[in-house]
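Novice: Top line first, the protein sequences correspond to chains B and F.
For the first sequence, the residue numbers in my numbering are 51 to 487.
For the second sequence, the residue numbers in my numbering are 51 to 487.
Protein chains: 2
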Amino acid sequence: MERTLIADTVKKVGEKVKIAGSVHVVRAHGKIAFADITDRSGVLQVVGGDDLVELKPQYFVEIEGTVNARPPQMANDKIKTGSVELSAEKVTILSKSDEMPFDMGAEVLNLELPTLLDYRTLTLRHPKIKGIFEVQSAIVEGFRKFAGELGCTEIFIPTISASATEGGAEVFEVDYYGHKAFMTQSPQLYKQMLVPVFERVFTIAKAYRAEPSVTTRHLSEVTQMDCELGFVDFDGLMDALEFVATGILSHVEEKQGNVLEDYDIPKLKLPAKIPRLTMREAQKIILKRTGVDHTKEKDLDPEDEKEISKWALEEKESDLVTITHFPTKKRSFYTMPDPDDPEFSLSYDLLFRGLEILSGSQRVNDYGKLVDAIKERGMDPKNFEMYLQSFKYGMPQEGGFSFGLERITMKLLNLSNVREASLFPRDMERVDFRFSR
Amino acid sequence: MERTLIADTVKKVGEKVKIAGSVHVVRAHGKIAFADITDRSGVLQVVGGDDLVELKPQYFVEIEGTVNARPPQMANDKIKTGSVELSAEKVTILSKSDEMPFDMGAEVLNLELPTLLDYRTLTLRHPKIKGIFEVQSAIVEGFRKFAGELGCTEIFIPTISASATEGGAEVFEVDYYGHKAFMTQSPQLYKQMLVPVFERVFTIAKAYRAEPSVTTRHLSEVTQMDCELGFVDFDGLMDALEFVATGILSHVEEKQGNVLEDYDIPKLKLPAKIPRLTMREAQKIILKRTGVDHTKEKDLDPEDEKEISKWALEEKESDLVTITHFPTKKRSFYTMPDPDDPEFSLSYDLLFRGLEILSGSQRVNDYGKLVDAIKERGMDPKNFEMYLQSFKYGMPQEGGFSFGLERITMKLLNLSNVREASLFPRDMERVDFRFSR
Chain B
51 MERTLIADTV KKVGEKVKIA GSVHVVRAHG KIAFADITDR SGVLQVVGGD
101 DLVELKPQYF VEIEGTVNAR PPQMANDKIK TGSVELSAEK VTILSKSDEM
151 PFDMGAEVLN LELPTLLDYR TLTLRHPKIK GIFEVQSAIV EGFRKFAGEL
201 GCTEIFIPTI SASATEGGAE VFEVDYYGHK AFMTQSPQLY KQMLVPVFER
251 VFTIAKAYRA EPSVTTRHLS EVTQMDCELG FVDFDGLMDA LEFVATGILS
301 HVEEKQGNVL EDYDIPKLKL PAKIPRLTMR EAQKIILKRT GVDHTKEKDL
351 DPEDEKEISK WALEEKESDL VTITHFPTKK RSFYTMPDPD DPEFSLSYDL
401 LFRGLEILSG SQRVNDYGKL VDAIKERGMD PKNFEMYLQS FKYGMPQEGG
451 FSFGLERITM KLLNLSNVRE ASLFPRDMER VDFRFSR
Chain F
51 MERTLIADTV KKVGEKVKIA GSVHVVRAHG KIAFADITDR SGVLQVVGGD
101 DLVELKPQYF VEIEGTVNAR PPQMANDKIK TGSVELSAEK VTILSKSDEM
151 PFDMGAEVLN LELPTLLDYR TLTLRHPKIK GIFEVQSAIV EGFRKFAGEL
201 GCTEIFIPTI SASATEGGAE VFEVDYYGHK AFMTQSPQLY KQMLVPVFER
251 VFTIAKAYRA EPSVTTRHLS EVTQMDCELG FVDFDGLMDA LEFVATGILS
301 HVEEKQGNVL EDYDIPKLKL PAKIPRLTMR EAQKIILKRT GVDHTKEKDL
351 DPEDEKEISK WALEEKESDL VTITHFPTKK RSFYTMPDPD DPEFSLSYDL
401 LFRGLEILSG SQRVNDYGKL VDAIKERGMD PKNFEMYLQS FKYGMPQEGG
451 FSFGLERITM KLLNLSNVRE ASLFPRDMER VDFRFSR
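#1: In the DSSP assignment, find the unbroken beta strand (DSSP E) run with ASP399/B in it and report its ends.
#2: Any C-beta of chain F sitting closer than 8 Å to the C-beta of LYS305/B?
#3: With 8 Å set as the bound, which would you pick, yes or no: does the beta-carbon of SER397/F sit closer than that to a beta-carbon of chain B?
#4: Starting from ASN118/F, follow the beta strand (DSSP E) in both directions and report where the run begins and ends.
#5: Should LYS241/F go down as buried or exposed, given a rule of 16 or more other Cβ atoms within 10 Å for buried?
#6: Near GLY201/B, which residues of its chain fall below 7 Å by C-beta distance, leaving aside the five closest residues on each side in sequence?
#7: What are the boundary residues of the beta strand (DSSP E) that includes LYS68/F?
#8: Helix, strand or coil for THR296/B per DSSP?
#9: Can you list, in chain order, the residues of its chain whose CB lies under 7 Å from that of MET288/F, leaving out five sequence neighbours each side?
#10: What number of angstroms, rounded off, separates the C-alpha of LEU370/B from the C-alpha of PRO237/B?
#11: Return the CA-CA distance between MET436/F and PHE110/F, expressed in angstroms with no decimal places.
#12: Near GLU470/F, what residues of its chain come up, given a Cβ to Cβ distance below 6 Å and the 5 sequence neighbours on each side ignored?
#13: Between the C-alpha atoms of VAL421/B and ASP343/B, what's the straight-line distance to the nearest angstrom?
#14: Roughly how many whole angstroms lie between the Cα atoms of SER145/F and ALA70/F?
#15: Compare the Cα-Cα distances from ALA255/B to each of PHE222/B, GLY280/B, PHE206/B and GLY286/B and report the closest residue.
#16: For the beta strand (DSSP E) that ILE82/F lies in, which residues bound it at each end?
#17: How should VAL221/B be labelled, buried or exposed, when 16 other C-beta atoms within 10 angstroms of its C-beta is the threshold for buried?
#18: Mind pulling the chain B residues with CB within less than 8 Å of LEU172/F?
#19: Does any residue of chain B have a CB that is nearer than 8 Å to the CB of LYS256/F?
#20: Please state whether DSSP places PHE281/F in a helix, a strand or coil.
#21: Starting from GLU353/F and walking both ways along the alpha helix (DSSP H), at which residues does that stretch end?
#22: Roughly how many angstroms separate the alpha carbons of VAL264/F and MET478/F, rounded to a whole number?
#23: What is the DSSP secondary structure of ALA257/F, counted as helix, strand or coil?
#24: Would the beta-carbon of LYS178/B fall within 8 Å of that of ASP312/B?
#25: Under 8 Å, Cβ to Cβ, is there at least one residue of chain F near ASN126/B?
#26: Return the CA-CA distance between PHE441/B and VAL73/F, expressed in angstroms with no decimal places.
#27: With 8 Å as the limit, tell me which residues of the stretch 195 to 206 of chain F have their beta carbon closer than that to any beta carbon of chain B; keep them in chain order.
#28: With a 10 Å radius around its C-beta and 16 neighbouring C-beta atoms as the bar for buried, classify ASP89/F as buried or exposed.
#29: Which partner residues of SER137/B appear in the DSSP bridge assignment?
#30: If we count the other Cβ atoms within 10 Å of its Cβ and call it buried at 16 or more, is LEU473/B buried or exposed?
#31: Would a C-beta distance cut-off of 8 Å place ALA295/F and VAL272/F closer than the cut-off?
#32: Note down the Cα distance separating GLY64/B from ALA119/B, rounded to an integer number of angstroms.
#33: Counting only runs of 4+ residues fully inside the stretch 180 to 243 of chain F, write out the alpha helix (DSSP H) ranges in chain order.
#34: With 8 Å set as the bound, which would you pick, yes or no: does the beta-carbon of THR209/F sit closer than that to a beta-carbon of chain B?
#35: Kindly list, in the order they appear in chain B, the residues whose Cβ is closer than 8 Å to that of LYS146/F.
#36: At a Cβ cut of 7 Å, what residues of the stretch 413 to 439 of chain F count as close to chain B, listed as they run along the chain?
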């Protein structure tokens with residue numbers, strides 16, 4: 051008998067079918083037992099006798115039986131197959147499992163983070179945790195869709211680099227055939243080099259930061275979603291990033307709305323016009339709203355980000371707010387200073403519900419100015435030779451932006467730690483297992 | 051004036067427009083000059099006077115002017131805009147370029163590989179080389195489309211690992227906060243761990259091999275396109291891989307047929323039924339066709355792969371042929387031995403026009419057998435603890451496959467070296483620039 055996907059059983063009432071999946075929970079009531087079986091399409095209640103009682107969570111099984119309509123008062127409208135159940139006639143165990151170290155049948159796995167990660171291959175199977183990565187997959191799908199609509203070509207760029215991408219010490223060193231090499235800190239320089247080739251590019255790329263600190267919002271290995279666009283001015287860049295950001299969020303709400311509901315996430319507020327503020331304007335609003343005077347600070351701190359997002363929601367009915375004109379010295383060397391006030395730069399961050407999920411800028415596209423900017427930061431242009439080559443042979447006005455995949459996932463589902471938003475998170479304490487074990 | 055994309059000029063005959071792009075070539079004929087201007091949408095002939103003569107290849111420019119129909123005898127039906135030209139009225143140079151080190155206007159850049167790579171940011175701008183990566187982008191798009199149709203969820207997996215993925219010495223070591231870590235040799239183990247979570251997964255992932263040799267078909271950093279499917283038997287796995295492979299190739303022919311033509315690539319031959327041979331059957335066919343007796347060999351060598359692809363084309367009108375049942379000892383530890391003849395395995399390679407572009411197998415999904423297989427290879431199960439955890443908690447029958455992105459790109463365009471199929475190739479001699487310089 052051919053396998054039937056669980057989602058298709060609702061169309062087969064009265065028919066014999068074979069399903070295959072994993073056992074989520076088993077409940078025995080005297081001689082009768084119920085098992086929830088999960089496959090990639092959904093979850094189904096199976097009714098049976100001793101055959102089912104034998105089953106334990108995470109066993110993989112094939113079950114043949116008849117699809118029956120449930121009596122209306124027994125229907126479960128929370129799941130797609132809630133109107134039917136399978137009456138088991140033949141149960142085949144394909145693969146057994148060790149005893150569960152915790153209750154996988156609980157609606158929420160209330161585990162401390164270290165346990166959640168120590169048992170990562172198991173905790174990921176929990177429906178609520180699995181939902182995080184269904185949302186993540188939809189975020190990336192949305193990114194590609196809207197970056198594609200901007201006319202970007204997808205590029206694949208290297209992660210092994212001859213020098214530290216943007217300077218700084220937070221870089222992983224690789225023994226590369228006896229030579230010193232580094233894991234790229236971002237796809238930044240390579241995507242810029244490709245603007246003269248494709249004009250507009252996007253990439254989904256790994257980035258590595260040897261952050262020697264443990265925070266709730268940093269990982270050592272992250273996934274970035276980057277765009278870089280030629281012949282676009284500062285306003286055009288903001289239009290583009292807001293188009294993609296709004297697109298991503300709407301796409302997730304459309305495709306994975308059930309997971310968002312499961313996480314009690316309010317409906318998204320994405321107005322046609324995303325509010326834009328300079329950093330200085332944002333600081334003034336914060337002063338007015340809270341009395342806290344950060345108007346001399348060189349950046350927004352996490353509390354500022356939360357407050358200005360609150361303002362955007364209350365005053366502009368927007369979950370997004372774009373902050374521009376960060377101090378030139380606080381941004382990377384390739385950031386274009388504002389010609390009207392070079393102390394500040396043509397840069398932006400996008401805040402989503404209080405967290406920065408995107409960063410970017412218009413870039414310095416003049417070879418000489420770029421060499422000067424590198425030197426001013428105390429770096430050696432020789433370490434940027436391939437990058438500089440692309441400016442020597444012509445580079446139009448250009449800029450771009452970069453989304454942090456794990457960050458958006460974290461914020462969208464209101465997770466308390468970015469580690470929960472990575473299938474197998476890497477930080478200074480852990481590569482799958484903790485080093486200290 | 052708003053910018054008009056070059057491809058849209060054909061709809062604006064008689065109108066004033068502004069275009070922006072890079073100068074491909076300039077040809078001066080006395081007082082009149084022609085420049086080919088390129089943007090992301092295409093290339094356009096611009097006619098003008100002194101303003102154009104000033105321009106040099108790889109200058110980035112804005113040009114305002116009037117779109118005119120070309121006289122029919124002057125039309126160029128090789129390009130989309132061949133029926134029109136732009137009569138320049140105002141030329142603005144946005145960015146200048148150094149003198150070209152070679153003729154970027156030539157139809158083919160006849161450069162030695164080292165030069166091609168030393169000037170990578172420039173050579174990529176050549177239309178014929180750029181085409182390679184337009185094809186590559188379409189390959190990945192096709193992969194995602196057809197992996198998606200199989201019901202796979204996209205996953206993002208780590209590239210930093212605590213141990214060498216599949217054993218062997220060809221692994222890059224990373225200094226990870228003072229601990230020893232490695233760049234993953236493939237996404238293999240992680241995608242398997244996620245089968246009990248999502249049942250079917252796909253990933254586009256980086257893989258690293260510290261190959262201490264220089265060949266025309268190996269890179270140190272590659273992009274893999276992987277699928278892994280639960281509840282699928284050996285025949286089902288081959289159906290799936292042939293579905294995806296055929297889908298990718300057809301997608302490229304549909305989307306980038308002009309690049310294939312530019313590379314003189316014959317039309318693809320993709321029959322509904324891709325021929326399948328065991329390795330032993332393939333060796334017998336080779337013996338019969340060529341007299342070369344490799345029937346005792348444990349693998350197909352490159353010449354064998356070419357010969358059996360020739361057979362597939364001549365006898366089955368197919369550019370693809372699936373070879374199965376490689377010796378168990380020649381494949382990785384997770385490969386399922388054939389229960390009917392355990393010396394051979396439930397493994398497969400897919401050959402495309404003489405080159406292996408995919409490899410995979412049904413997997414050992416029993417915890418005890420997997421531990422034994424690891425030990426038999428002289429490896430320590432402790433180094434596979436997270437991987438083995440997923441088998442302890444239940445794993446259905448499963449298997450998968452992996453395409454090499456650069457390899458397919460190389461073979462599809464008949465490039466002589468896989469380095470030409472990577473934007474910024476990494477090998478033992480080079481990270482952007484050669485180490486020996």
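Here a beta-carbon is modelled for each residue, glycine too, at the ideal position from N, C-alpha and C.
Specialist: Reading from the atomic positions:
#1: 397 to 402
#2: no
#3: no
#4: 110 to 119
#5: buried
#6: ARG250
#7: 66 to 79
#8: helix
#9: ARG326, THR372 and TYR398
#10: 24 Å
#11: 52 Å
#12: none
#13: 37 Å
#14: 11 Å
#15: PHE206/B
#16: 82 to 89
#17: buried
#18: GLN439, SER440 and TYR443
#19: yes
#20: coil
#21: 352 to 366
#22: 7 Å
#23: strand
#24: yes
#25: no
#26: 15 Å
#27: GLY201, THR203, GLU204, ILE205 and PHE206
#28: buried
#29: VAL97/B and THR116/B
#30: buried
#31: no
#32: 8 Å
#33: 238 to 243
#34: yes
#35: GLY444
#36: ASN415, GLU435, MET436 and GLN439
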